[in-house]
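The sequence shown maps to residues 62 to 342 in our numbering.
For reference, the structure discussed in these notes is given below.
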Amino acid sequence: MYFIQVLFIVISYIINVTLGFIAYDCGGSNLNITSFDSLEVEKCDIPTPTETQQIQRIQLLQHIETYPVMYKSCLISVDYLITRCSAFEDAQVVDGGYFSDIIELGSARCSEVHQKQSYNFPLGGVVTDLKINETTYVSNTMVGSLDKHGNCKGAIFKSNKGEWENVVVQAKFKILLSEGMATANTKDNVLILPTGTKLKLSDNYGIDAFKGETIWSISNINCEEHDFSVLYDGPASLITSNTIDDISNTYTYIVETDKIVFALKKVKKNLRLHRNPSYSD
């Protein structure tokens, strides 16, 4: 009895002056020792309340980085021949009166030319029945007039090459309208044409050395199955928890299977694939 009382007093004395603990893990082959100070314990935040809901099926989709995009191109070049009317001899070519130029239409006009398959000359006149992916050659007297009797009537002509008076300007147009499929790379923001030319995808407009002005559209994303790859399809758990400020909720989808484990936090809601809701993380 006396021995038990002495042992109790010794144990009580040891506990009263203990400032720390050392824990030994003997369950493994390697020595594992952990110690902590009992006087300095970090603040423990109260866990936020959570609610778990079982979701029968979710799909984790990834938009394919490369996909085909239809493009349209307009290439219009013109060869100018400028001659001066003469009352006593044949018409003479003026100084600098033969040159070539490229006509830039811009995105809207190029689209219109493709739609109507016709082109209005800069100073009057029109060519119709243009063929897609075919080259059309057509001549047009842009300034002045010539008739089959040799009558010549000149006028003033101005261009970035110069200015002439009392001249007749004849132009030979080369018109190529092209359509085809290019490769869009959303990761690098690049559109790759069949010619190998790379254009900025988000611009929807660019110039190719072989096909001319090129336009395309990526504003309407097709919600077809081949536009997405399915990374996961199956059940999940939806955990709803309050934020620290208790103003809004945080939604987290958790998937745990034999082959895959991941968690996704919902950031915003989108409408994709036949207007089914999807969430971005």
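Beta carbons are placed, not taken as given, at the ideal position from N, Cα and C, and that holds for glycine.
Fair warning: this is a prediction, and the values are worked out from it, not measured in the lab.
Close CB contacts of Ala245 within its chain, under the 7 Å cut and outside five residues either way in sequence, are with Thr127, Tyr128, Val130, Leu252, Leu262, Ile279 (chain order). Residue state for Val199 is assigned as strand, using DSSP reduced to three classes. In terms of Cβ geometry, Lys214 and Ser220 do not form a close pair [threshold 7 Å]. When the Cα atoms are used, Lys320 and Leu121 turn out to be separated by approximately 15 Å. About 16 Å separates the CB atoms of Gly267 and Leu237; that is not less than 8 Å, and the two are not in contact. According to the DSSP secondary-structure assignment, Asp162 is paired through a beta bridge with Val139. Between Leu142 and Tyr159, the C-beta spacing is below 7 Å. DSSP places Cys213 within a strand segment (E or B) once states are collapsed to three.
Around the CB of Lys133, 16 or more other CB atoms lie within 10 Å, so the residue is classed as buried. At a Cβ-Cβ threshold of 7 Å, Ile116 and Ala297 count as neighbours. For Glu126, there is no enclosing beta strand (DSSP E), since its DSSP letter is neither H nor E.
Rounded to whole angstroms, the gap between the alpha carbons of Phe182 and Thr247 is 37 Å. Counting only residues of its own chain and dropping the five nearest sequence neighbours on each side, Glu112 has a CB closer than 6 Å to the CB of Thr301. Of the other Cβ atoms in all chains shown, fewer than 16 fall within 10 Å of the Cβ of Ile193; this residue is therefore exposed. Taking the Cα positions, Cys146 is about 19 Å away from Lys233. Taking C-alpha positions only, Val322 is separated from Asn250 by approximately 31 Å.
Across the set His124, Thr256, Gln114, the C-alpha of Thr256 shows the shortest separation from the C-alpha of Glu240. Going by DSSP, Val328 is part of no beta strand (DSSP E) at all; its letter is neither H nor E.
Taken through DSSP and simplified to helix, strand or coil, Ala270 comes out as coil. Excluding its 5 nearest sequence neighbours in each direction, Leu260 has C-beta neighbours in its own chain below 6 Å: Leu252, Gly267, listed in chain order.
Nearest Cα to Ala216 within the set Tyr312, Arg118, Thr144, Gln114: Thr144. The distance from the Cβ of Leu254 to that of Ala270 is about 10 Å, inconsistent with a contact at the 8 Å cut-off.
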